[in-house]
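Student:
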Amino acid sequence: QVQLVESGGGLVQAGGSLRLSCAASGDTICISTMGWYRQAPGKERELVAAITSGGSTNYADSRKGRFTISRDNAKNTVYLQMNSLKPEDTAVYYCHADVPSGVRYWGQGTQVTVSS
Numbered sequence: 004q005v006q007l008v009e010s011g012g013g014l015v016q017a018g019g020s021l022r023l024s025c026a027a028s029g030d031t032i033c034i035s036t037m038g039w040y041r042q043a044p045g046k047e048r049e050l051v052a053a054i055t056s057g058g059s060t061n062y063a064d065s066r067k068g069r070f071t072i073s074r075d076n077a078k079n080t081v082y083l084q085m086n087s088l089k090p091e092d093t094a095v096y097y098c099h100a101d102v103p104s105g106v107r108y109w110g111q112g113t114q115v116t117v118s119s
């Protein structure tokens, strides 16, 4: 079992920045890929970015250049630095962690609200 706790969400003005953190606990040695999805009201959950244990990254096209994902394996923590935020970035951001068995664990989500 893996438990994930996100932090760092909040209210920010357009053009501002936020840094999300997601700390994993439990069977963390099994974790391979970690990442972030987001879900806006009335929309499906969508990929933001992901990072493997080796540091390879994958971004949704619309977030490239504004968002940066990073990972501290020693702390079992993944980060999402979000710059130049736009009102359309408003959503609940969810952290995930994948294990080799194919199970994907999710955090509880953290709200990001960008005001215009």
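Just so we're aligned, residue 4 is where the sequence shown starts under the working numbering, counting upward by one. For each residue, glycine too, the CB sits at the ideal point set by N, CA and C. Note that the structure is predicted; figures quoted are calculated from it, not measured.
Using a threshold of 8 Å, state whether the C-beta atoms of V95 and R22 are closer than that.
Tutor: As a first step, residue 95 must be located in the sequence shown, where it is residue number 92. As a first step, residue 22 must be located in the sequence shown, where it is residue number 19. No, the Cβ-Cβ distance between V95 and R22 is not below 8 Å.
Student: Three-state secondary structure (DSSP) at L49?
Tutor: Reading the sequence shown from its first residue, position 46 is the one you call residue 49. In the sequence under discussion, the amino acid at residue 49 is Glu, which differs from the Leu named in the question. DSSP places E49 in strand when its eight states are reduced to three.
Student: In whole angstroms, what separates the C-alpha of K78 from that of T116?
Tutor: Here the question's residue 78 lines up with position 75 in the sequence shown. Here the question's residue 116 lines up with position 113 in the sequence shown. Approximately 27 Å, taken between the alpha carbons.
Student: For S118 and S28, I'd like the C-alpha separation in whole angstroms.
Tutor: As a first step, residue 118 must be located in the sequence shown, where it is residue number 115. As a first step, residue 28 must be located in the sequence shown, where it is residue number 25. Between S118 and S28, the C-alpha separation is close to 33 Å.
Student: Tell me which residue opens and which closes the beta strand (DSSP E) that Q111 is part of.
Tutor: Along the sequence shown, one-based indexing puts residue 111 at 108. Unbroken run through Q111: none, as it is neither H nor E.
Student: Can you tell me whether DSSP reads T55 as helix, strand or coil?
Tutor: By one-based count along the sequence shown, residue 55 stands at place 52. DSSP places T55 in coil when its eight states are reduced to three.
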